[in-house]
Each structure stands twice: as C-alpha cells, then as structure tokens.
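Notes follow once the structure below has been shown.
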Amino acid sequence: MLDLTVTENLRLHSHYALLKLTAPEKLPEMHPGQFAEIRVDGSPATFLRRPISINYVDRGKNEVWFLIQLIGEGTKHLGEAKVGDVINVLLPLGNGFTMPQNPSDKLLLVGGGVGTAPMLYLGEQLAKSGSHPTFLLGARTSKDLLQLEQFQNYGEVYTTTEDGSHGERGYVTQHSILVKKNFEHIYTCGPKPMMMAVAKFAKSKDVNCEVSLENTMACGIGACLCCVENTTEGHLCVCKEGPVFNINKLLWQI
Ligand SMILES: Cc1cc2nc3c(=O)[nH]c(=O)nc-3n(C[C@H](O)[C@H](O)[C@H](O)COP(=O)(O)OP(=O)(O)OC[C@H]3O[C@@H](n4cnc5c(N)ncnc54)[C@H](O)[C@@H]3O)c2cc1C
Ligand code: FES
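With my numbering as the guide, the letters of the sequence shown map in order to residues 3 to 256.
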C-alpha cells in the first residue's frame, strides 16, 4: 500500500482524466495488464477502492499514470484530485499480459473505449524489448480516442469510430488491417462484447489471444470472491488469477 502524490491531473476531455502519481521512494516493478486499487477519500459513497489499470510508468519521473473514465461517484472524485493531493493506492495487483519470448512484428493490441488504458504501457514495454506492435483502437467518436500521439511512439496505430469521425467507421473487428496482416498474438481490453468479438476472430484464425477482464471488484486481492469468472480450471478470482486470461481458459460461448 502506497501513499502517492498527484503530480498532474489532466482532463483529456469531459469524461476522461489522466492522473499522474509519484512516490518519495522508487515505485515497485509493474507489468503491463496489472492494475491498482485506488482509495477514494472524502466521499462517503465510495467505501470500496476502485480498480484502475496501469496506463503507463514513467521511470524517469518515478510516475505511474491512470487513465480514468469518469462514470460514477468514485471516478468523478478521482477526476477532481489536485496536484499535491495524496492518494492511497494498492499496487501492482493481478497478473499481466504474457510478453513474447522473441521480438515480433506480429503482435496486435486491440483496445476499446477506456480499455485502451493498459495497451499504452503494454505497447511501450513491447517496443522497448524490440517488438513492433500494431495498435487497433476503437471508440464511439474521435473525441473518445485518447493518447493517440503516445501510441504512435511505439507502433502503427489504426482506429475505428462508430460515427466514422476517425479511422474506419464501425467496430474494431471490422477494420481492414485484420485481413491485410497476419498476427501471431492478440492482446485485448475493452467492453466485454468487443473482447468476445476479438476472441472469436482470434479463434477463427487460430491466433493466440489474451483478454483483460473488468469484472466488478471489491477487495482486489482474492478475499471477497465477488469477481469470479468461470474457467476451464473452475471459478477463478479475476483480481488474483487475472485480470489477464488466455481465451482458451475462458468458457465464453463465442
Ligand atoms: C481490473 C480492472 C481494471 C480497470 N481499469 C480501468 C481503467 O484503467 N480506467 C477506467 O476508467 N476504469 C477501469 N476499470 C473500471 C473501473 O474500476 C470502474 O469504472 C469504477 O470502479 C467505477 O467506479 P465509480 O465509483 O466511478 O462508479 P460506480 O458509481 O460505482 O459505478 C458505475 C459503473 O461502473 C461499474 N463498476 C462499479 N464498480 C466497479 C468495480 N469495482 N469494478 C468494475 N466495475 C465497476 C458499475 O457496474 C457501473 O456500471 C477497471 C476495472 C477493473 C476490474
Ligand atoms: S475483488 Fe475480491 S476476490 Fe476479487
């Protein structure tokens, strides 16, 4: 458990905040796909911590970033944090994405909505280890496509929007890059219907695929059993055994 200090809180647009936090001591090792449980102080309605993915780790500045969609009491409260505020954070939690054994240019990272959050750190770490990832990011409109410039630092970026205001119109699974290029591993995070469609695509092409689940959580450490997912190994806590799962382990009807 760490008391982290807010260094920046950027409102990317009305519904998203990018919260940057630092610590007096060196931040612990964090792997892409892991998450934090963030305590929301000063709000009686938010007794439980809120699970938020690690969006990026800036080792030079000793900062961890969280991209937060402001949808309810807890996230809206976090969106109002001021520079210098101290926020109590439990991190890193869960198991992250599998890194390839050898650098590859056949890695596809698919993010939808705020599910793009863990893809930035994953992309940075993949690029750092010699891979050249491809990003496929989907949102409702161009306004909801966030951090595009940062993504472009680590690989090629393709987008879809539902209204056609950026990239190809439609859903990520309809993007033409999926037929133009072959991939050997797909990583995805986003709304469950999107991840199921990505998993179905991966299965149809016999491509390895990992998804990051966002089941509702409370404790975040495997104690309350409120986040269980039915898998080939029985009911597993997403917070402890996930949030990243290989699709072959999930009992999704796809
Ligand atoms: C592993 C994991 C990683 C996540 N990463 C991010 C991220 O990087 N950025 C981001 O914006 N959001 C992320 N989420 C979702 C985020 O935790 C919820 O949006 C947040 O907890 C909502 O809190 P709230 O008080 O604002 O809303 P509430 O008023 O509590 O609820 C609003 C909506 O959020 C859902 N929700 C509420 N509590 C949780 C919870 N504990 N877990 C999941 N869903 C919940 C509810 O079903 C409801 O639809 C992640 C969730 C998980 C499980
Ligand atoms: S959130 Fe409590 S067991 Fe997963």
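Each residue gets a CB set at the ideal place from its N, CA and C atoms; glycine is no exception.
These figures come from a predicted structure and were not determined experimentally.
Contact set for residue i: own chain, Cβ-Cβ below 6 Å, skip 5 residues either direction
i	result
T264	Limits of the chain in this structure are 3 at one end and 256 at the other, which puts residue 264 out of reach.
D165	T143
L93	A38
T77	I70
Three-state class that DSSP yields for residue i in the structure shown
i	result
Y310	In this structure the chain extends from 3 to 256, so residue 310 is not present and cannot be described.
N250	helix
K22	strand
F37	strand
Q103	coil
S16	coil
V213	strand
S55	strand
I73	coil
Sequence-distant residues of the same chain with beta carbon closer than 8 Å to residue i, five excluded per side
i	result
N64	T24, A25, K28 and L29
Cβ distance (whole Å) where residue i is taken to contact residue j below 8 Å
i	j	result
A201	C211	6 Å
G96	K242	7 Å
F99	L124	6 Å
L69	N57	4 Å
7 Å Cβ shell around residue i - same chain, five flanking residues per side excluded
i	result
I256	M198, A201, K202 and K205
H177	L138, Y160, T162 and E170
G132	P105
Among the options, nearest to residue i - alpha-carbon criterion
i	options	result
L139	E158, K84, P245 and A129	E158
N250	V209, E216 and C239	V209
M288	L109, E82 and L95	Lying before the first or after the last residue shown, residue 288 is absent from the chain, which here runs from 3 to 256.
R52	D60, P46 and I40	I40
M3	M121, G222 and A141	G222
T48	K145, L14, L80 and L148	L80
Contact with chain C by residue i, beta-carbon distance below 8 Å
i	result
L20	The structure shown has no chain C; it contains just one protein chain.
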